[in-house]
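> Have a look at this one before I ask anything.
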Amino acid sequence: MDNFDLHNHSTRSDGLLSPTQLIELAARAGVDAIALTDHDTTEGLAEAGEAARRLGILWVPGVEISVSWGDTTLHIVGLNIDPEAQAMIAGLKSIRDGRLGRAERVAQMLKSMGIPGALEGALALAPNESVLSRTHFARFLVGAGAVKDTQAAFDKYLAKGKPAYVAHQWATLEDAVEWIVASGGTAVLAHPGRYGLKPWARGEVLDEFKRLGGEAIEVVTGSHRPEEYAMWRDTANRYGFLASRGADYHGPGESPYEPGRLPPLPATLKPVWSKWTH
Ligand code: AMP
Ligand code: MN
Ligand code: MN
Ligand code: MN
45 MDNFDLHNHS TRSDGLLSPT QLIELAARAG VDAIALTDHD TTEGLAEAGE AARRLGILWV
105 PGVEISVSWG DTTLHIVGLN IDPEAQAMIA GLKSIRDGRL GRAERVAQML KSMGIPGALE
165 GALALAPNES VLSRTHFARF LVGAGAVKDT QAAFDKYLAK GKPAYVAHQW ATLEDAVEWI
225 VASGGTAVLA HPGRYGLKPW ARGEVLDEFK RLGGEAIEVV TGSHRPEEYA MWRDTANRYG
285 FLASRGADYH GPGESPYEPG RLPPLPATLK PVWSKWTH
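In this text, residue positions in the sequence shown follow my numbering: the first is 45, and each later residue adds one.
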């Protein structure tokens, strides 16, 4: 039992597959356990959980919460949460509510750069309008012929520091960990290599996350390059964090690994799933 994939997206946030399609894809890869971790919503969990049970896969209900830490956006994954917990429901709603206003501003920026219709275009690509994401804008920009692929849309327009980036206030790190703990879940720092943090800031994030009740960090993820695994392995061991593994799959052509098809965790790590499997 070690093919656990604990970070994936569906059409309930910025993924391209429905919750059922995602679980079916993971089953074909032979996963032992799967989590759905949509951004700021638990809406897909009931459907995905049903598919996982039908296919005989261990099911891990999850979420990926957007957090503001100074002017850096962090992502905190909650695993084995109870989606009915009131603190989680109210907390996630509070951060989803800011998304439309941010999207209007992104669209204005794009319009001022000669790309009209981005809000309508992104909305048309978002099956769940309450989680309208930069990923939907990226897909709109590809469709409009402004860039060749979604990565280029981030690199040219949407990433931090680029002209259509709009700073936004998400949850605090403290709130996100609190909602996860209050819903019975395990808090995991998602893809720590993705934030472009200087070493001192990295240390501060890890210390603060640990102090607040964070238990694990992702080491093997589709959002890390394989060359980065060793560094995050050593970091997990040094801080005493459990380690997680997840494809961060968004859809065909958009992610380096399909669910369940990424490398195993390095052997010296204690997997986060050791909490649930003995
Ligand atoms: P949002 O929560 O709307 O700001 O969108 C964040 C999502 O955009 C992430 O979960 C990724 O799926 C995607 N994303 C963010 N930054 C990048 C990037 N530099 N390259 C590719 N995708 C990105
Ligand atoms: Mn995403
Ligand atoms: Mn993320
Ligand atoms: Mn993700």
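We put the beta carbon where it would ideally sit given N, CA and C, even for glycine.
Only a predicted model underlies this, so the values are computations on that prediction, with no experimental measurement involved.
Going by C-alpha distance, which of 212, 177, 214 is nearest residue 197?
Residue 197 has its Cα closest to that of 177, out of 212, 177, 214.
> Thinking C-beta only, is residue 283 closer than 9 Å to residue 254?
Result yes, Cβ atoms of residue 254 and residue 283 sit closer than 9 Å.
> For residue 332 and residue 158, what's the separation of their Cα atoms in angstroms?
The chain is shown from 45 up to 322; residue 332 falls before or after that span and cannot be answered.
> Leaving out five residues before and five after residue 219 in sequence, what residues of the same chain have Cβ atoms less than 7 Å from its Cβ?
Result list for residue 219: 135, in chain order.
> Would DSSP call residue 305 helix, strand or coil?
Note: residue 305 maps to coil in three-state DSSP.
> Shorter than 8 Å, the distance from the beta carbon of residue 184 to the closest heavy atom of ligand 1, or not?
Checking the Cβ of residue 184 against ligand 1 gives no.
> So, at 7 Å on beta carbons, what are the nonlocal neighbours of residue 266 in its own chain, with the 5 sequence-adjacent residues on each side left out?
Taken in chain order, the residues that qualify are 291, 292, 293, 299, 300, 301, 306.
> Quick check: the Cα distance between residue 202 and residue 114, rounded to an integer number of angstroms?
Looking at the two C-alpha atoms, the distance is approximately 19 Å.
> Using a threshold of 8 Å, is the CB atom of residue 76 nearer than that to any non-hydrogen atom of ligand 3?
Checking the Cβ of residue 76 against ligand 3 gives no.
> Is residue 245 close to ligand 3? I mean its beta-carbon at under 8 Å from any heavy atom of the ligand.
The answer is no for residue 245.
> Candidates 194, 187, 103: which alpha carbon is nearest residue 7's?
Given a span of 45 to 322 for the chain in the structure shown, any question on residue 7 remains unanswerable.
> Can you tell me which residues form a DSSP beta bridge with residue 48?
Paired residues: 77.
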